[in-house]
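Okay, so here's the structure we're looking at.
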Amino acid sequence: MTLVRPWRVSARIDGRTHGLCATVGDPAGGAEVEPAPVRVVPSTDPAHLDDVVAEVELVGPETILAAAVAAQAAARSWAAVPAPVRGSVIGSFGRLVTDNADALARLVTREVGKPVAEARGEVQEIIDTCEFFRGEGRRLYGQTVPSEMPDRQLFTFREPLGVMMVITAGNFPVAVPSWYLVPALLAGNTVVWKPAEYAAACAQAMVELLAAAGVPAGAVNLVPADGRATAAGLERALAAGAVDKVGFTGSTEVGRSIGALCGRHLQTPCLELGGKNPMVVTPGADLDAAVEAAVFAGFGTAGQRCTSLGTAIVHESVHAAFVRRFDAAVSAAVIGDPTGDVLYGPLLDARFAAGFERHLTLLRGHHRLSGSTALGRITGTGGAAGPGAAGPCAAGTEGAGTEGAAGFGGLPRNGPRRGFVGDPDRGLYYHPLIVDGVRPDDELFREETFGPIVGVTTYRDLDEAIELANLPGYGLSSSIYTADAASALRFRRGVRAGMVSVNGSTTGAEAHLPFGGNGRSGNGSRQSGIWMLDQVTRWQSLSWDYSGRLQRAQLDTAVPAADLSFRLPG
């Protein structure tokens, strides 16, 4: 049953909605082309799978190319708007988001199942981003640089890139897109945005707010599409010279493909990819504070953040006490309907539920499980619930598969959870899982799991802890709990993560700090704050000579002679 009339989400190009079989212009200037009919797919509430939030028209590569061409046509006029005025438009967008915050947060909760408190925080992140970049419209500074030649002035200028294609995931369906859209528009670029299909209604709401804020037609173009069409459309747009920059938030695997594609066109994309984020707990750490952070970082948003805690690396002297408290806290956590006061709600979408089920097959005999009373789906009856309920225990493979329907590690397969809020059989709800005893050669230790599961391992000295933190090859976020400043500074210097927290969670970005990772987590690009401006602008230098003659740097530079043999007496 649909609770509210579903949104109809279509491509929006040059300010106009393009429905099924819309006619678009040929970028080569020839005859108009008719794209193939698009597919219509539902975006459903993962907490209530019978609630269709949106009917999403997925377009093909031709429409993506057409959107890039439309953005290219709008780029010159938008770039000509003075930067402080563009900043005022961003300010208006922030005010509109503020005035529509409750409605937008409710839509986030409904479409992706994010608890309402987190959804409100995500909306606030848009507002914070707008507040920061509004002022940057008056601070897109270049420099006045001294010349080595007389009667010559040197200058640098920030210039917009042109068209930026933005491809985003749906775990942060409005905040993360704002990290791209707001600075790109502020800097004078136009945008083609491909959101996650399961978060398309949130994307359409954002585009409508941008239009209401005064962003002109063609400056932001929305193209709902599946992965295959996106890849083909991006390749065509790059080949046509219609995209100048790509921003991508998503998996490491897809990020590699986008990086390779952009490299063939001599472009460097902005890649924000996955993470296997470590938290080191030292002997002198405040264990209660560390556990509180581990619960939030590991299980907030059902572990579906790129910055979610992957592995707690705990000193062997406090390991037993930490695990005991961690188990008690997770076991007591309230899970359920995201409109209530819960730690987390459902998984984002059926594809992520299937992915989490696959990760449960990575459990092995040396793992010790805690944090819940069952493994897999949360049900209302103790039996199977909904799609994928058979899960890994039916697979008959090594590890989790060896105990069949009985479950694994003493936990039954599927079942109810004490204190659950709502009806678990209506949504994609999963038990939290603590996996103690993970080893460096475990796939569960090395790979991002993107779900409510946290590993725990031990270390003897800080050098070993740093080695374990770096071993998976990701480099997004990290944390250390310690009362010793020297340990904190040694960890910061040794860990390869782009973000380090001391006595804090691996999650929680502030809008004015650089966000991004290295290694398997990204290509070193950074989002948020002034650092994002380097992703959405190019530097141009100007040399202005008014001497009336040709002056050659290095060749004609007059430097007074020096007597380098001079020495003071004595």
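At position 106 of the sequence shown the residue is numbered 879 (the numbering used here), and the sequence of numbers has no breaks. No residue lacks a Cβ here, since even glycine has one placed at the ideal position from N, Cα and C. Treat the numbers as computed from the prediction; the structure is a model and nothing was measured.
Contact set for residue i: own chain, Cβ-Cβ below 7 Å, skip 5 residues either direction
i	result
residue 932	1310, 1311 and 1313
residue 802	At residue 802, the pLDDT of 38 sits below 50, so the modelled position is not reliable; the number obtained from the coordinates is stated separately. Closer than 7 Å at the Cβ level, and outside the excluded window around residue 802, lies no residue.
residue 1171	Low confidence applies here, because residue 1171 scores a pLDDT of 43, under 50, leaving its location unreliable; read the following figure in that light. If we look at residue 1171 and ignore the five residues flanking it on each side, it has no Cβ neighbours.
residue 1008	1034
Rounded C-alpha distance that separates residue i from residue j
i	j	result
residue 1299	residue 1029	17 Å
residue 1059	residue 1280	18 Å
residue 1210	residue 1250	22 Å
residue 1025	residue 845	29 Å
residue 896	residue 944	13 Å
residue 837	residue 1274	39 Å
residue 880	residue 920	55 Å
residue 1143	residue 1103	9 Å
residue 970	residue 997	6 Å
residue 973	residue 815	10 Å
residue 1010	residue 936	10 Å
residue 962	residue 934	6 Å
residue 1261	residue 1121	35 Å
residue 917	residue 1231	54 Å
residue 965	residue 839	10 Å
residue 782	residue 1034	28 Å
residue 1027	residue 1053	29 Å
Continuous alpha helix (DSSP H) stretch holding residue i: start and end
i	result
residue 907	889–909
residue 979	973–985
residue 1030	1025–1037
residue 1327	From DSSP, residue 1327 is part of no alpha helix (DSSP H); its letter is neither H nor E.
residue 1265	1258–1267
residue 1106	From DSSP, residue 1106 is part of no alpha helix (DSSP H); its letter is neither H nor E.
residue 1065	1060–1072
residue 1015	Counting along the chain, residue 1015 falls outside any alpha helix (DSSP H), and DSSP gives it neither H nor E.
Unbroken beta strand (DSSP E) run spanning residue i, endpoints
i	result
residue 1079	First-last for residue 1079: undefined, no H or E at that position.
residue 1148	1148–1151
residue 1310	1310–1318
residue 952	No beta strand (DSSP E) holds residue 952; the alpha helix (DSSP H) holding it covers 948–959.
residue 815	812–818
residue 824	821–831
residue 1209	1206–1209
Within 9 Å, strictly: CB atoms of residue i and residue j
i	j	result
residue 1006	residue 1051	no
residue 1109	residue 1227	no
residue 902	residue 952	yes
residue 1203	residue 1070	no
residue 1128	residue 990	no
residue 1038	residue 1062	no
residue 1116	residue 1126	no
residue 922	residue 1255	no
residue 1235	residue 1264	yes
residue 785	residue 977	yes
residue 1085	residue 1101	no
residue 887	residue 938	no
residue 862	residue 987	yes
residue 1080	residue 1253	no
residue 1237	residue 1049	no
residue 983	residue 866	yes
residue 1111	residue 889	yes
residue 1096	residue 1140	no
residue 1185	residue 1146	yes
Own chain partners of residue i with C-beta closer than 6 Å, once the 5 adjacent residues on each side are dropped
i	result
residue 1305	956
residue 1302	1285, 1286 and 1287
residue 941	949, 950, 968 and 1022
residue 1290	1248, 1249 and 1271
residue 847	963, 991 and 992
residue 1225	1072, 1075, 1076, 1203 and 1205
is_contact[residue i, chain C] using C-beta, thresh 9 Å
i	result
residue 865	No chain C appears in this structure, which consists of one protein chain only.
Sequence-distant residues of its chain with Cβ nearer than 8 Å to residue i (five each side left out)
i	result
residue 822	1159, 1199, 1200 and 1201
residue 914	931
residue 1241	1051, 1084, 1086, 1213, 1230 and 1232
residue 1317	925, 926, 927 and 928
Where residue i sits in the DSSP three-state scheme
i	result
residue 1184	strand
residue 1142	strand
residue 1089	coil
residue 867	helix
residue 875	helix
residue 1189	coil
residue 1176	Bear in mind that the predicted position of residue 1176 carries a pLDDT of just 40, short of 50, making it unreliable; the figure below should be weighed with that in mind. Three-state DSSP puts residue 1176 in a helix.
residue 845	helix
residue 933	strand
residue 1273	strand
residue 748	Since the displayed the chain opens at 774 and closes at 1343, residue 748 lies outside it and no answer follows.
residue 1233	coil
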